[in-house]
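K.L.:
Could you have a look at this structure, given as structure tokens, before my questions?
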Amino acid sequence: MSLLPFCEWLAGTPGSIALHESLFMYPLIESVHVLTLCLFVGMTMMLDLRLTGLALRKVPVVDVVERLQPWMFLGFAVMVVSGVLLFYAIPIRSYQNIFFRTKCIFLVLAGVNALTFHTGVFRKISSWSRDAEPPARARFAGMASLFLWAVVIVTGRMIAYNWFDCDKPQPRWVQVATGCSSDAQQQ
Amino acid sequence: MNLLPWFQWCEESGLGRAVRESVWAFAVIESVHLLALATMGGAVLLVDLRMLNLGLRQRPVAELAGEARPFQNAALIVLVLSGIGLFASEATKCYYSVPFSVKIATLFVATTFTYTIRRRVASSPDSSDTTRMAVALVSVTLWFIVAAAGRWIGFSG
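Structure representation (structure tokens):
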């Protein structure tokens with residue numbers, strides 16, 4: 246299944262064209278997306294560091310989760326809205342960008358990790374909330390989160406680079422990974 | 039005093055050349071810069087939110103400030119070092135860039151403020167709520183300007 250036709254349709258909508266051609270809106274939205282890293286990933290990182298036992302060891306985990314989660318959610322909401330708008334402005338190129346695709350995979354992995362944590366070891370939080378060193382599964386979730394979000398940040402930044410774009414000759418594996426056909430290259 | 043020759047010297051330095059001529063260097067250094075930005079944001083916001091009576095309200099400000107400090111220090115060092123690499127590769131552009139000037143000037147103020155007034159207010163149990171709130175607002179505003187102006191360097195010129 247290819248989402249290319251959908252992206253092509255999206256790219257032709259007036260809103261997408263307006264955003265793409267705007268002098269200030271696009272940079273503004275991108276700035277919001279980048280600066281929200283401080284709130285969303287910053288707060289997530291603090292929770293992860295607590296889970297790994299590397300920081301806030303005296304603070305009960307349940308307090309960290311309860312008090313920081315609203316800020317993480319707020320940051321995440323801003324990230325999603327600004328991120329969707331950035332995609333909306335440049336749908337086809339983003340869809341066929343190897344870094345964008347990698348970022349999406351790692352976003353899903355980060356989501357699965359968070360879900361596994363919340364439906365797993367976090368259910369028994371009352372038994373380990375005050376442990377300076379949380380149980381192995383919680384430490385693993387924290388480490389995994391730190392790593393996965395770091396990859397999301399790095400691949401997200403790399404979307405800007407056109408090294409693997411469809412509009413130039415690419416090795417076979419890149420064509421497969423980006424969904425570029427030889428037709429697309431000629432366009 | 040004209041600083042242009044110094045900026046040109048930075049651009050022609052070994053570091054400036056190396057970053058500029060490499061395909062990957064700028065992108066990799068910028069990614070590191072962003073990772074440190076997120077860490078810095080977490081460390082600063084943890085304490086500033088607390089001083090605004092938000093976030094981890096159950097804990098003393100001084101405790102959170104102590105917890106955040108190593109991460110804040112490490113992040114700032116990485117930010118400055120990676121920033122020097124990015125700057126050297128396009129120093130002449132930075133010389134003419136208004137956002138760059140704004141960023142560097144504000145960075146100087148924000149760093150000084152953070153390691154003097156903010157540090158004293160955050161570690162003192164006697165600071166009043168009003169003082170803490172004012173300090174947190176100034177801190178968030180200053181660092182916001184540094185980050186926003188920094189992002190804008192890439193959009194200008």
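Residue numbers (my numbering), protein chains in the order written: chain A, 246 to 432; chain B, 39 to 195.
C-beta: ideal position from N, C-alpha, C; glycine also.
Report the three-state DSSP secondary structure of residue 167 (chain B) (helix, strand or coil).
P.N.:
Here residue 167 (chain B) sits in helix by DSSP.
K.L.:
Using 9 Å as the threshold, is the C-beta distance between residue 423 (chain A) and residue 409 (chain A) below it?
P.N.:
Yes, the Cβ-Cβ distance between residue 423 (chain A) and residue 409 (chain A) is below 9 Å.
K.L.:
Listed in chain order, which residues of the region 400-430 of chain A have Cβ atoms closer than 7 Å to some Cβ of chain B?
P.N.:
The residues in question are 402, 403 and 406.
K.L.:
According to the Cβ coordinates, are residue 307 (chain A) and residue 404 (chain A) closer than 9 Å?
P.N.:
For residue 307 (chain A) and residue 404 (chain A), no; Cβs fall outside 9 Å.
K.L.:
I need the straight-line Cα distance from residue 430 (chain A) to residue 267 (chain A), nearest angstrom please.
P.N.:
Low confidence applies here, because residue 430 (chain A) scores a pLDDT of 45, under 50, leaving its location unreliable; read the following figure in that light. The straight-line gap from Cα to Cα measures roughly 26 Å.
K.L.:
What residues in the region 246-258 of chain A have a beta carbon less than 9 Å from any beta carbon of chain B?
P.N.:
Those residues of the region 246-258 of chain A that come within reach of chain B (Cβ to Cβ, closer than 9 Å) do not exist; the list is empty.
K.L.:
Given a cut-off of 9 Å on the beta-carbon distance, is the pair residue 411 (chain A) and residue 341 (chain A) in contact?
P.N.:
Yes.
K.L.:
Please report the distance separating the alpha-carbon of residue 115 (chain B) from that of residue 254 (chain A).
P.N.:
Cα to Cα, the separation comes out at about 46 Å.
K.L.:
With 8 Å as the C-beta to C-beta threshold (strictly closer), list the residues of the region 311-325 of chain A near chain B in chain order.
P.N.:
Of all residues in the region 311-325 of chain A, 312, 313 and 316 have a Cβ within less than 8 Å of some Cβ in chain B.
K.L.:
Between residue 80 (chain B) and chain A, is any beta-carbon pair separated by less than 9 Å?
P.N.:
So yes, residue 80 (chain B) belongs to the interface.
K.L.:
Would you please verify whether the beta carbon of residue 274 (chain A) is less than 9 Å from any beta carbon of chain B?
P.N.:
Chain B contact via Cβ: absent.
K.L.:
Are the C-beta of residue 349 (chain A) and some C-beta of chain B separated by less than 9 Å?
P.N.:
No, residue 349 (chain A) lies away from the interface with chain B (no Cβ there is under 9 Å from its Cβ).
K.L.:
Does DSSP put residue 368 (chain A) in a helix, a strand or coil?
P.N.:
Of the three classes helix, strand and coil, the one that applies to residue 368 (chain A) here is helix, per DSSP.
K.L.:
Interface residues of chain A around residue 151 (chain B) at Cβ under 7 Å?
P.N.:
Ordered by position in chain A, no residue passes the 7 Å Cβ test against residue 151 (chain B), which lies about 17 Å from the chain.
K.L.:
Going by DSSP, what residue range makes up the alpha helix (DSSP H) through residue 334 (chain A)?
P.N.:
Segment 306-334, the alpha helix (DSSP H) holding residue 334 (chain A).
K.L.:
With residue 288 (chain A) and residue 119 (chain B) assumed to form a contact (beta carbons below 8 Å), what rounded beta-carbon distance in angstroms separates them?
P.N.:
The Cβ separation is near 25 Å, so there is no contact.
K.L.:
Measure the Cβ-Cβ separation of residue 109 (chain B) and residue 359 (chain A) and say whether it is below 9 Å.
P.N.:
Their beta carbons are not under 9 Å apart, which means residue 109 (chain B) does not touch residue 359 (chain A) by this criterion.
K.L.:
What does a CB cutoff of less than 6 Å around residue 378 (chain A) pick up in its chain, not counting 5 residues either side in sequence?
P.N.:
Contacts found: 298.
K.L.:
I need the DSSP call for residue 262 (chain A), collapsed to helix, strand or coil.
P.N.:
The answer is helix: DSSP assigns residue 262 (chain A) an H, G or I state.
K.L.:
Using a C-beta to C-beta distance shorter than 8 Å, which residues of chain B count as neighbours of residue 308 (chain A)?
P.N.:
Going along chain B in sequence order, the residues near residue 308 (chain A) (Cβ under 8 Å) are 94, 96 and 97.
K.L.:
Would you call residue 262 (chain A) buried or exposed, if buried means 16 or more other Cβ atoms sit within 10 Å of its Cβ?
P.N.:
The residue is exposed, with fewer than 16 neighbouring Cβ atoms inside 10 Å.
K.L.:
Could you tell me if residue 95 (chain B) is buried or exposed, where buried requires 16 or more neighbouring beta carbons within 10 angstroms of its beta carbon?
P.N.:
Counting Cβ neighbours within 10 Å, residue 95 (chain B) comes out exposed, since fewer than 16 surround it.
K.L.:
If you reduce the DSSP assignment to three classes, tell me which class residue 49 (chain B) lands in.
P.N.:
If DSSP states are grouped into helix, strand and coil, residue 49 (chain B) belongs with the helices.
K.L.:
Please confirm if residue 84 (chain B) has its CB atom under 9 Å from at least one CB of chain A.
P.N.:
Answer yes: the Cβ-Cβ gap between residue 84 (chain B) and chain A drops below 9 Å somewhere.
K.L.:
Based on Cα-Cα distance, which residue from A:310, A:313 and A:302 lies nearest to residue 101 (chain B)?
P.N.:
Among A:310, A:313 and A:302, the Cα nearest to that of residue 101 (chain B) is on A:302.
K.L.:
Tell me the rounded alpha-carbon separation between residue 165 (chain B) and residue 295 (chain A).
P.N.:
Computed Cα separation, rounded: 27 Å.
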